[in-house]
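Numbering-wise (numbering that gives the first Met the number 0), the sequence shown opens with residue 0 and increments by one.
We put the beta carbon where it would ideally sit given N, CA and C, even for glycine.
The structure displayed is predicted, hence computed values, not measured ones.
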Amino acid sequence: MGIALTRAAQWTKGRLEATSLNEALLKDIVHFVEQFNSRYPEEAGVVFTEPLKWATALQASDFTAEYEFSGSSVHSRETDEDGSPLLQLTPPDISVCSFGQLSKLLQLANDSKLEEAQACLEANREPVLMMMGPSLAAAEGKDPSALPLLDTVMEGDQSTKAELKVKLFHILQELDKQLLNSSITPLSKEVRLSPAAVKHDVELLKSVCGAGEKKPLKSVCYTSDYEFNNGCHSPPWRQVHGEIAYLIIEPCDTEPLFITCSTDGVYLNSGVEQEGEENAYDRQSEVYKDLVTLLKSKSSHFADIISKQDFVIQGEPPTTLKIPHVEAVDLEERGQTLRSYEHQEKNVHEKARQQLSLNKSGGMKKLEPSLKWKNLGLTSPHEEAGEKKARKSTGSEKNTEGRSKSPKSESKKKADFSGSPLLACLSSQKMKSPAGATGNEVFSESSSDSEEDEEQGERRGESHTDLPSEYWQIQKLVKYLKGGNQTATVIALCSMRDFNLGQETCQLAIRDVGGLEVLINLLDTDEVKCKIGSLKILKEISRNSQIRRAIADFGGLQTMVAILDSPDKELKCLAAETIANVAKFRRARRTVHQYGGIKRLVELLDCVPDSAMLSTEQEKDVEVARCGALALWSCSKSTRNKEAIRKAGGIPLLARLLKSSQKNMLIPVVGTLQECASEESYRIAIQTEGMIEDLVKNLNCDNQELQMHCASAIFKCAEDKQTRDLVRQYEGLQPLVALLNEADNKQLLAAVTGAIWKCSISMENVAKFEGYKALEMLVGLLTDQPEEVLVNVVGALGECAQRPVNRTTIRKSGGIPPLVSLLTGTNQALLVNVTRAVGACATEPENMTIIDRLDGVRLLWSLLKNPNPDVQASAAWAICPCIENAKDAGELVRSFVGGLELIVNLLKSPNKEVLASVCAAIAKIAKDEENLAVITDHGVVPMLANLTNTADDKLRRYLAEAIAQCCMWGRNRVAFGEAGAVGSLVHYLRSKEPSVHQATAQALFQLSKEPNNCITMHESGVVKLLLRMMGSTDEVLQEAAAGCVANIRRLALANEKAKYG
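Written as C-alpha cells, this is what we have:
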C-alpha cells in the first residue's frame, strides 16, 4: 500500500488530487479494508506499532452499542496488551490500532467511506511504517523470499504474534501489487505530451494570432524564451515534475490565460510569470489533452472560429535539427541542477521553410526526419549496426588533454538524465508526433520547425546580417574551449575577454552555444589560470538577468561558494564578485545560504582596512574584503541571510570596515548595513558598535551613492530615540538638510528625507531643523516628486507640525494647499502621513480656514471609507482638530451626506486604533446638539456601550470622552445604564493612566445624573475611588469626581428623607 501511494497516487501539497486514478485507488483500498475481517480474521487483530490518526467527520452517534461512550468521546472495548483501546474517538480526532477496527469503522461510515479513507491516508503518508514498524517497513517492495529482515523478526520472536505480523506484511505487499497493476491501465490510456508536440502546437497557434474578429487569438507567448537543450522552457527544478513550458495566451473574449504544458497534458496555473512564486505553479483547472482542447473550453470565440477551419502544415523535411545530448549530473548531490550539452553539426543545409495555410479538405502532411538523426545515433534498431562505424570515425566530442579535472567534475560528467522523472515518464510510452508519426525518442524534433525559429525572439532575426560579427566569433571561441587543451583554453579565455562582454549580444552568444556550461565546468578544474579566466568572464556577463538565472540553473553558485575557501586571493575576489552579481534573485540567495556561502563570505571581511602603510598582501586582503562585502550586500536582501550574517560574526567586522577611508570599500559595507538595519538586532548593534558616528561622517563625503546608503541606514535606525540623539550629538542633522538641495537624485532625496522624517520624531531635533530652515525646503518638495519622496517629506512635516511655530511656518511657506491636494492620492503610506500632517496643521485656526476653503475636511471624511485601517484611524484623528477649530463645525459635519452614519459604523471595526480615533471624533461631533441627535438615531449608544469592556487605556480614554458627550441628549444616560456601561467605566478608575481617570470621571459625572446609574456606581465601589481622585492636582478631575460623589450623596439623602420623613 505504501509503494502504490508513493508511485501511483497523485499528490499535490500533501493532499490527494481529485483524479479518476486516485478515486480508483481509494475504492480498491476501501474494498480491501472492508473485507479484511472476514478474509483475514486472525491478522485483523494484529496491533499496529503506531496508531493511525486523522481528523474524522464521524460523531459518537455514528457508533453502535459495542463501543464504550463517554460524552462525545468513544472507545472500543477491544484493547491491546497495555489495556489501551484499539479505537479512540475524541471529535474530530480519531486513532485506530488494528485492521479489525479499521474495517468496522469504514462499515460505520456508510456514504463517507472514501472521504474517511482519503483523510486517513493524507494524515498518514507512510501507513506501512506506522502499522509494521521500521524493520518491516524497510523491506517493503522487496521479494519476501529474499528478505533477511523477515527472518530476523521470526528468529527474535517465535510467538504467534510475530508470525501474524509477518503474514500481515505479506498481505499488504500483495495489496501493493494489485494496486500498482490496476493503476497501469488508466495510466497507459493517458495522453503524454512531449516538448516537440508542445512546440508544434505553440507555433501553429502563433501563426493564427492577430487583431480582428476573424482571428481566434490575440497573442501566444512563452513566459521564458530560453529553451533548454531537451526542448523544455520550464526551469530544471520544475522539469522534474514533468512540466515542459509555461504560456500566456490572450484570447479575444476573455482575460489572458496562464497555462502549464506538462507531460500529463495542459492546464491553467495560478499565474506563472518569469521567476514566479512557488504557489504560482499550482494547478487551477482540470487537465486537458492539448492546447486546442483547453482553449475551446475557455474561449467560445476560439471554439467558434476553430470549428470553421482546419489547420494544415505544409513544408519540407527539416535539415537543421538540434538534438539534445544530455550529460551529467550527480543526482546524489542535493541542489545540483541538470546540465545538458547540445551537439550540432558544423555544416548545415539551408533552413527548411514552413508554410501555414488554411484548408478545409486538406490533411496533415507527413514529414520525414532529417538524416542528422542518423548521424547522432537516433535511428531504428536495424540501422544501428551500420551507423556505429560512422559515429566512431568522428572521434570524441571533447578533448580534455592537458586539463586535469577534479573528482567532483568527473562525477558531474558521468551522470545522465536517466534518473530524471521527466524522461522516465516520457520515454516509457510511445507518442504520436505532431506530424502524425510515432516515435520513441521523446525529445527529438518531428516538425519542420528548426531550433533557430524558436529562438527568433531572442536573436532578433534569422539572417547572419542581423547579428554582429562578434556573435559568431565568440561562438568559435567557445568551440575551442570545448575541444582545446589547457593552453588553447587559456588563449580562448583571454581572447574572449577582449570582446565587450557588457554587450548583450556577446553575453547571449556565450549562452546560446553552450559556453556557460563550459565556463562553469572550468571552475572545477585544478588549473588556477583556467578558473581565473572563467570567473572574469562570468563576472562580466552575470550582470545580465538571463545569464544570472542560467548560472544558478547550471549549479554555478555551489562551485563559486566552494572557491571562497581557496588560498588564492584573486580567485576568492572573483568568486565573491560573481556571487554578488548572481545573487540578485531569491533562489540564488537561498542557494548561497544552503551551501554555507554566508559564513565563508563573512570570513572574507577579516582584514585591516586602514593603516599608515599597507603591504601588497594587505592590499589584497582589503580587496578580498571589499568583494566579500559586495556579495553580502546582495545576499542581505533575504531575512534568513541577515540572521546568518549576524550569527557568523559579521557585525563587528562590518563596523571595523566602516572606518575605512576608501569609498569603494565603504559603499558595499554601508549598503549591507542599511539592508540589514530593517532588523532590530542590527539597529541595536549599529548603536552599540559606534557606527552612527561613521555613518554621519560619511554624509559629508562627495560620493552621492555612499551618502544615499548612509542616509538610508540612518532612516531605518532612527526609529530608536537613542539613535536620533546620537545623530544630533554627532552633528548629522545639518548635512541631511544640506542634501535636500540634491533634488535631481531621487534615490538620494528619498533616503535623506526619510532620515529627516525619523529624526524629527524627537522635538530636540525639530528645534535644530527650524534653525537650518529645513521646513521651508521640505515644503518646496511637496510637488513634482515621486511617491517614495513624498511619503517621507509629508511624514517629516507631520512630525515638525507638532510644534506651533512650525504650523505657522508651513502655512506661510504655502504648504497647506499641496498637503490638501495629496489627500486625493491612493498610496496608503502617503495617505497615513498626509492626514497626520493636515490634522496637526488644523489645530491653528488660520490653517483651518485654508483647509476648509480647499474642501479638506470632506476629503478627510471620504478617507474613512478607505479599506486600510491605518488610513481610517489617521483620517479620524485629523478630523478631530478640524471639527474643533472650524467656524461652524456642526453645519459643516451635517453637510456630508451619510457622513455621520459612516463614522458611527466604524465603531464595529476590530482595530483598536480605529476605535480610539473614531471615539475621539464622536466626542467632538457630539458637542453639537443636532449632530448628537442624529448619531443617537444611528445607534451610537449601544455601540459605545459594547466597547466598554476593553483593557486598552488609549481606547478607554477616548471612549469615556465620547460617552460623556453623548450623555447630553435625551435618554442616553438611561440607555448607557441599561446597556451595562456604568459598571465597566468604574473599573477604568483603577487604571494607571491619569488621562483615563479624567475622562472617566467626567463620564461618570454625567451618568450620575440618572438615579439608577448612581446605585450601580455605588454598588461597584466608585465612592472610594472618587474620593482619592478628589485629592488630585488636576482641577478638571477634581471637579468631575466631586460632582459625581455629590450626585450619589444627594440620591442617598433623598432616599433617607423619603424613608424616614
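- Separation of N123 and P909 (C-alpha to C-alpha, rounded to the nearest whole angstrom) is 39 Å.
- For the set L500, S299, A587, the Cα lying nearest the Cα of Y470 is the one of L500.
- Per DSSP, reduced to three states, the secondary structure at Q106 is helical.
- About 16 Å separates the Cβ atoms of L796 and A766, ruling out a contact at the 8 Å cut-off.
- D92 has A54, T89 as its beta-bridge partners, per DSSP.
- In this structure the segment 72-92 does not lie against the segment 112-128, because fewer than three pairs of beta carbons, one per stretch, are closer than 8 Å.
- Membership of A766 in the alpha helix (DSSP H) is indicated by the continuous run 762-770.
- Taking 8 Å as the cut-off, the Cβ atoms of I305 and V291 count as close.
- Between the C-alpha atoms of L480 and S468 there is a straight-line separation of about 19 Å.
- Scanning the segment 975-1057 from its first residue to its last, the whole alpha helix (DSSP H) runs of 4-plus residues come out as 980-987, 993-1006, 1010-1018, 1021-1028.
- E622 counts as buried, since no fewer than 16 other beta carbons sit within 10 angstroms of its beta carbon.
- Beta-bridge annotation (DSSP): N268 is paired with R282.
- G794 and V833 have their C-alpha atoms some 7 Å from each other.
- When the alpha-carbon of Y66 is set against those of A980, K103, V32, the nearest one is in K103.
- Shortest Cα-Cα distance from N945 to any of I924, K923, G969, C918 involves C918.
- Per DSSP, reduced to three states, the secondary structure at Y681 is helical.
- Annotated as proximal: A244 and Y221, with beta-carbon spacing under 8 Å.
- Distance between R802 and L1036, taken at the CA atoms: about 26 Å.
- T999 and I1047 have their C-alpha atoms some 16 Å from each other.
- Between A630 and A582 a beta carbon distance of about 7 Å is seen, short of the 8 Å cut, so the two are scored as contacting.
- It is roughly 9 Å from the alpha-carbon of K646 to the alpha-carbon of K598.
- Looking at S1007, G513, L853, the one whose alpha-carbon comes closest to that of F553 is G513.
- Residues L657, K658 of the same chain have their beta carbon placed closer than 7 Å to that of D693, with the five preceding and five following residues left out of the count.
- Following the DSSP letters along the chain, one finds Y39 in no beta strand (DSSP E), marked with neither H nor E.
- Less than 8 Å separates the beta-carbon of H592 from that of R639.
- In summary, T823 is exposed, with fewer than 16 beta-carbon neighbours lying within 10 Å of its beta-carbon over all protein chains present.
- By the criterion of a C-beta distance shorter than 7 Å, V219 is surrounded in its chain by V201, L204, K205, C208, L246, I248, once the five residues flanking it on both sides are discounted.
- The continuous beta strand (DSSP E) containing P250 extends over residues 242-250.
- With a cutoff of 8 Å on beta-carbon distance, V940 and A974 are scored as near each other.
- Distance from the CA of I850 to the CA of L862, rounded to the nearest whole angstrom, comes to 15 Å.
- With contacts defined as CB atoms closer than 8 Å, T48 and G99 fail to qualify as a contacting pair.
- DSSP places H74 in no alpha helix (DSSP H) but in the uninterrupted beta strand (DSSP E) bounded by 72-75.
- For V219, the enclosing beta strand (DSSP E) covers residues 216-221.
- DSSP places R893 in the helix class (H, G or I) of the three-state scheme.
- Measuring C-alpha to C-alpha distances from I536 to each of I562, K811, A491, L603 identifies A491 as the nearest.
- Residue pairing for C208: DSSP places it in a beta bridge opposite L216.
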